[in-house]
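In the numbering used here, the protein residues as written are 18 to 268.
See below for the structure under consideration.
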């Protein structure tokens, strides 16, 4: 069945399984396409976790608003619902300038039409354990895409910079040991590390599309300020570890 047919039948769970990634994609584009939106989200007290939780309610709004005879697709309706909710949450459509996610949250007991009957919203929320196999497949695909980007990012480093960064953050080597191995001074190796980190930070925007699904560490959750603040301790660690694991698997 098409999305339009599923929306007409109000098959919420099937629509959620099919389209949740699309909702996340819209949220990502809104954040990545305009840095000011990151700041507005932080000012509104929102995190990426909050947006994830809103995605299901976005789908419900899209289903309720969809008109099969309106001349537009269900994805058009879903995109509009996602954008509308996003801008409401970051305070661009309120008098106060920001919203409290708890104030705007849907009540779980709200009745939602399902086919010819209705059910409480809480009963329609997806079962995380039941979705685990699907999540595994989706995450595997996301990881493959992420690894390609990470490999390209590390290719921006010189051979020495790459060896220094991998040595420190994957192999656990000290600057002193790397200096000895490379026959250079401690300060020279430290400068190589700093140069590499500056280059990695400039690639931040290329990693943002992957922040939603499967990147560990506090730097990937919460505000943009936290993301920038923890770059040197967790982001580069994830970058280096994943890329090195990929290379080891290929050997």
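From the three backbone atoms N, C-alpha and C, an ideal C-beta is built for every residue, glycine too.
Within the region 20 to 49, the complete alpha helix (DSSP H) segments of 4 residues or longer fall at 20 to 26, 29 to 49, listed in chain order. In the three-state reduction of the DSSP assignment, residue 210 falls in the helix class, which pools H, G and I. Judged by beta-carbon spacing, residue 48 lies beyond the 8 Å limit of residue 106, meaning their Cβ atoms are not closer than that value. A direct Cα-Cα distance of roughly 9 Å separates residue 78 from residue 94. In the three-state scheme derived from DSSP, where H, G and I count as helix and E and B as strand, residue 219 is classed as coil. Secondary structure at residue 63: coil, using DSSP grouped into helix, strand and coil.
Setting aside the 5 residues that flank it on each side, residue 103 is surrounded in the same chain by 44, 47, each with a C-beta closer than 7 Å to its C-beta; the list follows chain order. Of all alpha-carbon atoms in 19, 80, 108, 183, the one lying nearest the alpha-carbon of residue 59 is that of 108. In this structure, residue 91 sits near residue 24, with a CB-CB distance shorter than 8 Å. When the alpha-carbon of residue 176 is set against those of 99, 26, 199, 97, the nearest one is in 199. In terms of Cβ geometry, residue 181 and residue 167 do not form a close pair [threshold 8 Å]. Distance from the Cα of residue 81 is smallest, within the candidate group 33, 57, 27, for 27. Only residues of its own chain outside the window of five on either side were considered, and among them 21, 25 have a CB closer than 7 Å to the CB of residue 85, listed in chain order.
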